[in-house]
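Written out below as structure tokens is the structure these notes cover.
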Amino acid sequence: MTFLSGFIAIVGPPNAGKSTLLNRLTGTKLAIVSPKPQTTRNRIMGVYHGDGYQMVFVDTPGIHKTQTALHRSMVASAQAAFKEVDILAVVIEMPRAEEPGIGIILSNLRRAQKPSVLVINKIDKGPKEQLLPIIDTYRQRYPFEAIVPISALTGDRLERLLEQLKSMLKPGPALFPPDMKTDQTESFWISEIIREKIYALTRQELPYSCAVTVELVEESLEKNLVSIIARIHVESESQKGIMIGGRGEMVKAIGRTSREEMEKFFGTKVFLDLTVRVEKNWSKDPRALRRLGY
Ligand SMILES: Nc1nc2c(ncn2[C@@H]2O[C@H](COP(=O)(O)OP(=O)(O)OP(=O)(O)O)[C@@H](O)[C@H]2O)c(=O)[nH]1
Ligand SMILES: [Mg+2]
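Here this note's numbering is used: the first residue of the sequence shown is 803, the next is one more, and so on.
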């Protein structure tokens, strides 16, 4: 039997459930998730190891109208994925009939000219009848090879999606070793977990005005301890005040919830030194963006 493999980009509007789908497919929390849009800012790879085949998924930032340099970097990173992969999985969510940014996504699809699947996510949220008009609309708008309704949250009909994607793979070698799930570094994963807690705990513009960098990760086998130094970067002094909170309550809560998740992941105690600093208007400054990993 010939081995099958391919790169599959998970693309779509913000908040459609792309990262939830990546995590579900790989059975590992590789990408952070939040009910707020524009959570993912970088491409995140996850490998699915099948029997006789391999699918390399690439989760991408939601495509939307750009405002700041940060948004431009996010959308450019998503658009680059259209060129890098073999197959495109476009994720939209039920029951939104007209997705924000769908026009840009469809024109990217037309330019890429690659086998594509439309994934209608969140079918657990409404009655099945809502699906039919959505399917009809998209059939007319783009020649998808298949339209697959799923729930990334419950796992409903995920098997059907995997079968569909498998049928679109081409003969090719295994792209990554059997034990490899992702190419992201430990430091990146740590910074993302902290960002996820910021998204969960802060409001309004604050999640969008923060970046997290990891300065040090040190493992001590004797002490069964991982020590981490990380920084939260915000855009102004007033944001710094809110991020720290009265008596440091906010940054403490972000640190505690992050540490709990990291301890589960590493299977050790974690010491997390988390501080907040101002990097004035970083989301609008291309050089600051590069320094912060975007
Ligand atoms: N009910 C329901 N909620 C879902 C489903 N999939 C994802 N969600 C929720 O939708 C929200 C957004 O999920 P994400 O996975 O962060 O979405 P995303 O497309 O990666 O978003 P961006 O990174 O911002 O572009 C979260 O609150 C998820 O829990 C689903 O199948 N059903
Ligand atoms: Mg995401």
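Glycine included, every Cβ here is placed at the ideal spot set by N, Cα and C.
Excluding sequence positions up to five away, which residues of its chain have a Cβ less than 8 Å from the Cβ of residue i?
i, result
"Leu-1115", "Examination of residue 1115 is not possible in this model, given that the chain is present from 803 through 1096 alone."
"Ile-767", "Examination of residue 767 is not possible in this model, given that the chain is present from 803 through 1096 alone."
"Glu-988", "Val-1019"
Go to residue i, then tell me how far its beta strand (DSSP E) extends in each direction, as first and last residue.
i, result
"Glu-1020", "1013 to 1022"
"Leu-920", "918 to 923"
In whole angstroms, what separates the C-alpha of residue i from that of residue j?
i, j, result
"Asp-861", "Thr-984", "11 Å"
"Gln-840", "Val-892", "16 Å"
"Gly-848", "Tyr-940", "27 Å"
"Ala-818", "Leu-955", "11 Å"
"Thr-868", "Ala-882", "15 Å"
"Ile-922", "Leu-967", "14 Å"
"Ala-976", "Ser-918", "22 Å"
"His-851", "Gly-957", "18 Å"
"Thr-804", "Lys-972", "9 Å"
"Ala-878", "Ile-889", "18 Å"
"Leu-911", "Lys-1071", "46 Å"
"Glu-1017", "Phe-990", "11 Å"
"Glu-900", "Phe-884", "22 Å"
List the residues that DSSP assigns as beta-bridge partners of residue i.
i, result
"Asp-1075", "Ile-1031"
"Gly-848", "Phe-859"
"Lys-972", "Ser-807"
"Gln-812", "Looking at the sequence itself, residue 812 is Ile, so the reference to Gln does not match. Per DSSP, Asp-861, Ala-891."
"Val-1080", "Val-1036"
"Pro-951", "Ile-922"
By Cβ distance, which residues of its chain are closer than 6 Å to residue i, with the 5 residues on each side in sequence left out?
i, result
"Thr-830", "Lys-983"
"Pro-951", "Ile-922, Ile-925, Leu-933"
Between which residues of its own chain and residue i is the CB-CB distance below 7 Å, once the five residues before and five after are set aside?
i, result
"Phe-1068", "Val-1028"
"Glu-947", "Pro-917, Ser-918, Val-919, Met-970"
"Asp-1087", "Ala-871"
Start and end of the alpha helix (DSSP H) containing residue i?
i, result
"Pro-935", "933 to 943"
"Glu-1065", "1051 to 1068"
"Ser-909", "904 to 914"
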